[in-house]
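Those letters in the sequence shown? Residues 58 to 205, per our numbering, in order.
Before any comments, here is the structure.
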Amino acid sequence: MFNYQQFRHIPAPGWQLGWSWAKKEVIWSMVGAQATEQGDCSKFKSAPPHCCKRDPTIVDLLPGTPFNQQIANCCKAGVIKTFNQDPGNAASSFQISVGLAGTTNKTVKMPKNFTLRAPGPGYTCGRALVGRPTKYYSSDGRRVTQAL
């Protein structure tokens, strides 16, 4: 997420992002952030997901998080500077692996009811939009895969 506000940074204790799943999706794993609650994952016997809540709340990880749990622009405790004042620190990122979401563009449903909580006056979120898929390049640059 980017903070394009002119002068309104997001100070400590940082942002909280939430949404409601369209179906019965779960978060299998995350890097760069974490869900505040795991929820009831009792139907998964061997390896429980990171979060089974229908309406997860996600928070940034803290500085000093182990490198294998980080991604670019994470781990600033949810503090985001404004793009106008500090473009290099005006973003926060995380990556999630979603399960039980379907396997095609017709069966995957968009989450809804996004919320962004942060210190100070509130923020409002519009409906989610479909964007271009993220592309991943192999280390030798000869193969490209993409996320849904």
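Think of the CB as a built atom: it goes at the ideal place given N, C-alpha and C, for glycine as much as any other residue.
Predicted model, so just to flag it, every value in this text is computed and none were measured.
First through last residue of the beta strand (DSSP E) which encompasses residue i
{"i": "G55", "result": "This structure cannot settle anything about residue 55, because the visible part of the chain is limited to 58 through 205."}
{"i": "V136", "result": "Here V136 belongs to no beta strand (DSSP E), and DSSP marks it neither H nor E."}
{"i": "I67", "result": "Per DSSP, I67 belongs to no beta strand (DSSP E) and is neither H nor E."}
{"i": "T114", "result": "T114 to D117"}
Three-state secondary structure (DSSP) of residue i
{"i": "Q127", "result": "coil"}
{"i": "G89", "result": "coil"}
{"i": "N170", "result": "strand"}
{"i": "G156", "result": "strand"}
Residue closest to residue i, alpha-carbon to alpha-carbon, out of the options
{"i": "P113", "options": "K100, P168 and Y180", "result": "P168"}
{"i": "K81", "options": "H66, K102, T172 and P106", "result": "P106"}
{"i": "V155", "options": "I67, D97, A204 and W72", "result": "A204"}
{"i": "K133", "options": "V83, F64, A158 and P70", "result": "P70"}
{"i": "S186", "options": "F171, G198 and A175", "result": "Residue identity differs from the one stated: residue 186 is Leu in this sequence, not Ser. Residue F171 is the option with its Cα nearest to L186."}
{"i": "R75", "options": "P178, N141, P144 and R111", "result": "According to the sequence as given, residue 75 is Gly; it is not Arg. Of P178, N141, P144 and R111, the residue nearest in Cα terms is R111."}
Own chain residues within Cβ distance below 8 Å of residue i, not counting five before or after
{"i": "C131", "result": "V88, G89, A90, D117, L118, T122, S149, S150 and F151"}
{"i": "T160", "result": "none"}
Close-in-space but distant-in-sequence residues of the same chain around residue i (CB under 7 Å, 5 per side omitted)
{"i": "T93", "result": "T114 and V116"}
Own chain partners of residue i with C-beta closer than 6 Å, once the 5 adjacent residues on each side are dropped
{"i": "Q62", "result": "T139"}
{"i": "V201", "result": "K192 and Y194"}
{"i": "H66", "result": "K138 and T139"}
{"i": "I153", "result": "I84 and M87"}
{"i": "P180", "result": "Looking at the sequence itself, residue 180 is Tyr, so the reference to Pro does not match. Excluding residues within five positions, the ones whose Cβ falls inside 6 Å are L173."}
{"i": "G145", "result": "none"}
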